[in-house]
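Chemist: Protein chains in written order, with the numbering used here: chain U, 1 to 236; chain Y, 237 to 472; chain X, 473 to 708; chain B, 709 to 944.
We treat Cβ as the ideally placed atom computed from N, Cα and C, and that holds for glycine.
Sending over a structure as structure tokens; questions will come in a sec.
4 protein chains.
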Amino acid sequence: MLADLKKQVFEANLDLVKHGLVILTFGNVSGFDRKKGVMAIKPSGVSYAKLRPADMVLVDLEGKIVEGKLNPSSDTPAHLALYRAFQEIGGIAHAHSEYATAFAQAVKEIPCLGTTHADHFNGAVPVTRFLTAKEVKDDYEGNTGKVIVERFARLKPLEIPAALVAGHGPFCWGTTPAEAVKNNLALEKAAKVAVMTLLANPKIKGLPAYILRKHFLRKHGPQAYYGQKKGVRKHE
Amino acid sequence: MLADLKKQVFEANLDLVKHGLVILTFGNVSGFDRKKGVMAIKPSGVSYAKLRPADMVLVDLEGKIVEGKLNPSSDTPAHLALYRAFQEIGGIAHAHSEYATAFAQAVKEIPCLGTTHADHFNGAVPVTRFLTAKEVKDDYEGNTGKVIVERFARLKPLEIPAALVAGHGPFCWGTTPAEAVKNNLALEKAAKVAVMTLLANPKIKGLPAYILRKHFLRKHGPQAYYGQKKGVRKHE
Amino acid sequence: MLADLKKQVFEANLDLVKHGLVILTFGNVSGFDRKKGVMAIKPSGVSYAKLRPADMVLVDLEGKIVEGKLNPSSDTPAHLALYRAFQEIGGIAHAHSEYATAFAQAVKEIPCLGTTHADHFNGAVPVTRFLTAKEVKDDYEGNTGKVIVERFARLKPLEIPAALVAGHGPFCWGTTPAEAVKNNLALEKAAKVAVMTLLANPKIKGLPAYILRKHFLRKHGPQAYYGQKKGVRKHE
Amino acid sequence: MLADLKKQVFEANLDLVKHGLVILTFGNVSGFDRKKGVMAIKPSGVSYAKLRPADMVLVDLEGKIVEGKLNPSSDTPAHLALYRAFQEIGGIAHAHSEYATAFAQAVKEIPCLGTTHADHFNGAVPVTRFLTAKEVKDDYEGNTGKVIVERFARLKPLEIPAALVAGHGPFCWGTTPAEAVKNNLALEKAAKVAVMTLLANPKIKGLPAYILRKHFLRKHGPQAYYGQKKGVRKHE
């Protein structure tokens, strides 16, 4: 069932490793089939070296296993909370990549300091509050998703396809698993360059809003003109 | 047409990736044939893994496509503005390399703090002003080139073959596409070492002017004595 | 004798190199057989490229060579002091990995700033005092172990499987040589992200205690629920 | 003539690249035969990819070419000044490695903050003064060697086998070309960890003198006990 989605999720998980975003086994990617209401996700604690497409676990929106013999990632309830709240998304990547995790641990949003950031995120990448002791006790992973959704009350998920969970790390998403991983990579680069920018000039205020909008919109939305016309050979 | 130039531009684009200067697909190299008045440039949004020499797009100085089925890089008008203003140059490289981009985002020139810098750049690498809202709206990419040219009013392009566009990143150039990429690599290293130098000693003032001149001139210009005599086997 | 332990120790030593934790030849891993009271350890000053499983030296708890023609690592007395004091451990890794060594040189514990840290260490990773001149003169390597043991008077070795020796670097341990290396890798990542976190927000106070406990306990101890059930295919 | 020395120098030059110490072509290693009074050195501006052992240039202590068709490295006079002044040394490595160069540009010595440093350098690695305008004009490369020799008036070259030239970068040496490169690698690691140490604790004072001495002497000099006895299989 959903062999193609499992393959996409499997390959996106390996891409996390290939891009150096994963520390140890701390990473997982999922994909969601909206029509069937089923998510494919990496099994928990299985090493990347031995992972196979068929190991991907299928669960429904309430977390019930639909197919698969292994336990799904322990972060499964966080992924499901995002798929329930963000109707536009079809893939989620979670990795403790170094610089994005540093901002999450610093409990600071990643400000938009340049066009590398603006090409992917239409504004600062926000950071959630810490979970309360009660939220941790009751349903830690589910409430991890909840604080992200709460933080996005007035934000559009596909305009800012990432959030930092305070004291934890980034969650990134997109319309597909591959796009979620690409956004994680873009986030990590933006975070690293932001750290270096603040070292070079601690007082910098960030990109003027009109340049931020321009860069985001030349790549995304109806007026986008970056890349090739549809039907023309296009890669990446 | 211009198969050799296309090949040079193709290879220089791949060198950007090889040297780790490119973040995602954010990079493009062009080359210019002065006699024909034609530029070869990377197509927009095509992944490096699938790029072929024949994909390079040929455009004239006004941006009209002379040959090629793909859209040229969206930064094409910025490249053309530089070729029009800087008669000495034959190649341009643009990559969001991490440390040079950090200085661009910090809106700070890269000061000449040592001979690694002085061997390639005869002084600080300057940073432009931000584009105005009107400039962004009217012709974003063309005006990106314009602010560089404006900043170089009293500078010689081949003595300081790079500029930082505020909030964006570096543009580097040279007499050939390969030299432009080499200057981008030198800029990135100079920028990284500058960040670390300022961490080690925030009050450092930079290299005395007489050492800066000496280092630049022993490699460039009529008195250069670095390397091998002409006719002798010389590489790189 | 103890061919399997030697092989484990040999492979764990190579893993130090593979993970980039070793600077030059500064690293050694040992393993301990509790029943026989014998430790296998890397020989001193032998390059990793030429190391063979049979080169591992076997010594008893007093440091007497039981088997092997080469000198054991000069850090042998430090390893033995830890095996004598910490009954739960079966492997020790010592490498001058860059960021963990920076904290050791800074004589600062690595605070628990996020869940990447909490997944492996149930609190801050402590730093010892400097050895006294007399301790250095009398038995430098043995007393290096002694100050770690002293620092752990009120700590549980398997809850915080690492210590920083002031001015020197980290020692990490676990139930096996492989686990000791894995903890060294986790420590290095936690240390790097901690440096970047403090750059992004020098005033950050660290992870709330209830999140720290939650993360440690979901991976370790009787209530752990991360990973797969026993008997199910489990890797890493 | 001196085919073995040329081979050693050739291999040591490639090791600079292998260890990531070289930025662009900025690096050169030489070796000196005391009996013959002849130095072998890398030719100037030749790319590492095309270098052959036979390309090494032989020059005498006054800089006269004894054998070789190519120009010797433009840093030749600096190397010769060191071989003339430091009778104990047989190899010199010069590379603009990132972190050591940062300290040179910061005009700050690299303090001994830990045992990684102390294992190779018996104290802080000193920095020279800037050359005067007259020294630059008269004999830039020769005077680069002169300021190092001047700075070592009261230091022993084999106890601190490296110097930082202000605004330029490190020169490292040893009894052989290979040892010079190894000392450059150790210097670069010590410099990087020193930057991170100072970030983690700007007020740190450095390693107590009695630990510094202990670490240097357990690896160097008549009481050294690190490694294997002579005659026993020893590598690296």
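Can you pull the chain X neighbours of tyrosine 140 of chain U, defined as C-beta to C-beta under 8 Å?
Modeler: Lys686, Arg690
Chemist: Suppose contacts are defined by Cβ-Cβ distances below 7 Å. Is glycine 37 of chain U in contact with glycine 91 of chain U by that definition?
Modeler: Cβ atoms of glycine 37 of chain U and glycine 91 of chain U: not closer than 7 Å.
Chemist: Among B/Asp783, B/Ser782, B/Leu766, which has the Cα closest to the Cα of glutamate 775 of chain B?
Modeler: B/Leu766
Chemist: Are the CB atoms of asparagine 500 of chain X and serine 569 of chain X within a distance shorter than 7 Å?
Modeler: no
Chemist: By the 10 Å Cβ neighbour count, where 16 or more other Cβ atoms means buried, how is alanine 314 of chain Y classified, buried or exposed?
Modeler: buried
Chemist: Which residue wins for smallest C-alpha separation from leucine 217 of chain U, given the options U/Asp15, U/Leu21, U/His120?
Modeler: U/His120
Chemist: Given a cut-off of 7 Å, decide if asparagine 184 of chain U and leucine 21 of chain U are closer than it, judged by their beta-carbon atoms.
Modeler: yes
Chemist: Counting only beta-carbon atoms, is valine 730 of chain B nearer than 7 Å to chain Y?
Modeler: no
Chemist: What is the rounded straight-line gap between the Cα of threonine 132 of chain U and the Cα of valine 489 of chain X?
Modeler: 41 Å
Chemist: In the stretch 507–550 of chain X, which residue ranges form an unbroken beta strand (DSSP E) of at least 3 residues, counting only runs that do not cross its ends?
Modeler: For secondary structure counted as the beta strand (DSSP E) over 3 or more consecutive residues, the stretch 507–550 of chain X holds these complete runs in sequence order: 510–513, 529–532, 537–539.
Chemist: Would you call the stretch 660–673 of chain X in contact with the stretch 566–584 of chain X, where contact means no fewer than 3 C-beta pairs closer than 8 Å?
Modeler: Between the stretch 660–673 of chain X and the stretch 566–584 of chain X there are three or more C-beta pairs closer than 8 Å, enough to call the two in contact.
Chemist: Using the Cα positions of aspartate 712 of chain B and aspartate 783 of chain B, report the straight-line distance between them to the nearest angstrom.
Modeler: 22 Å
Chemist: Helix, strand or coil: how does DSSP classify histidine 19 of chain U here?
Modeler: coil
Chemist: Would you check if the distance between the CB atom of alanine 553 of chain X and the CB atom of glycine 614 of chain X is smaller than 7 Å?
Modeler: yes
Chemist: To be precise: take each residue of the stretch 320–336 of chain Y, compare its Cβ to all Cβ atoms of chain U, and keep it if any distance is under 8 Å. Which residues remain?
Modeler: His332, Glu334, Tyr335
Chemist: Kindly indicate if chain X contains any beta-carbon less than 7 Å away from that of leucine 722 of chain B.
Modeler: no
Chemist: Short check: CB of glutamine 716 of chain B to CB of proline 865 of chain B, under 7 Å?
Modeler: no
Chemist: Under 7 Å, Cβ to Cβ, is there at least one residue of chain Y near leucine 788 of chain B?
Modeler: no
Chemist: Please report the residue range of the alpha helix (DSSP H) in which alanine 100 of chain U lies.
Modeler: 98–106
Chemist: Among the candidates X/Leu659, X/Leu679, X/Val637, whose CA atom is the shortest distance from the CA of valine 165 of chain U?
Modeler: X/Leu679
Chemist: Within 7 Å of any Cβ in chain Y, is that where the Cβ of glutamate 11 of chain U sits?
Modeler: Not closer than 7 Å to any Cβ of chain Y, the Cβ of glutamate 11 of chain U fails to qualify, so no.
Chemist: May I ask which residues mark the beginning and end of the alpha helix (DSSP H) holding leucine 872 of chain B?
Modeler: Not the alpha helix (DSSP H): leucine 872 of chain B falls in the beta strand (DSSP E), residues 870–873.
Chemist: Does phenylalanine 643 of chain X come within less than 7 Å of chain B when only Cβ atoms are used?
Modeler: no
Chemist: For glutamate 472 of chain Y, would you say it is in contact with chain U, using Cβ-to-Cβ distances shorter than 7 Å as the test?
Modeler: Here glutamate 472 of chain Y scores only 33 on pLDDT, less than 50, and its place in the model is too uncertain to base an answer on.
Chemist: Could you give the DSSP three-state label for glycine 405 of chain Y: helix, strand or coil?
Modeler: Under the three-state reduction of DSSP, glycine 405 of chain Y is assigned to strand.
Chemist: So what does phenylalanine 262 of chain Y bridge to, in DSSP terms?
Modeler: In DSSP, phenylalanine 262 of chain Y forms a bridge with Y/Ile259.
Chemist: Measure the beta-carbon distance from phenylalanine 26 of chain U to alanine 93 of chain U and round it to whole angstroms, keeping in mind my assumption that it falls under 8 Å.
Modeler: With 8 Å as the limit, phenylalanine 26 of chain U and alanine 93 of chain U do not qualify as a contact, their Cβ atoms being about 12 Å apart.
Chemist: Can you name the residues of chain B whose CB is closer than 8 Å to the CB of glutamine 464 of chain Y?
Modeler: Pro751, Ser752, Gly753, Val754, Leu778, Asn779
Chemist: What did DSSP end up calling aspartate 237 of chain U once you bin it into helix, strand or coil?
Modeler: The requested residue 237 of chain U is not part of the displayed model; chain U covers only 1 to 236.
Chemist: Strictly below 7 Å CB to CB, what residues from chain X border lysine 891 of chain B?
Modeler: According to the sequence provided, residue 891 of chain B is asparagine. The question's lysine does not apply to it. Neighbours of asparagine 891 of chain B on chain X: none; closest Cβ ~10 Å, over 7 Å.
Chemist: At the level of alpha carbons, what is the spacing between lysine 134 of chain U and isoleucine 384 of chain Y?
Modeler: 56 Å
Chemist: Run the CB neighbour count on glutamate 159 of chain U, radius 10 Å, all protein chains shown included, and call it buried at 16 or more, exposed below.
Modeler: If you draw a 10 Å sphere on the C-beta of glutamate 159 of chain U, you find fewer than 16 other C-beta atoms in it, and that means exposed.
Chemist: Below 7 Å on C-beta distance, what does threonine 905 of chain B contact in chain X?
Modeler: Ala574, Gln577, Ala578
Chemist: Could you please give the first and the last residue of the uninterrupted alpha helix (DSSP H) stretch that includes isoleucine 447 of chain Y?
Modeler: 445–455
Chemist: Hey, is proline 347 of chain Y's beta-carbon within less than 7 Å of any beta-carbon in chain B?
Modeler: No, no contact with chain B.
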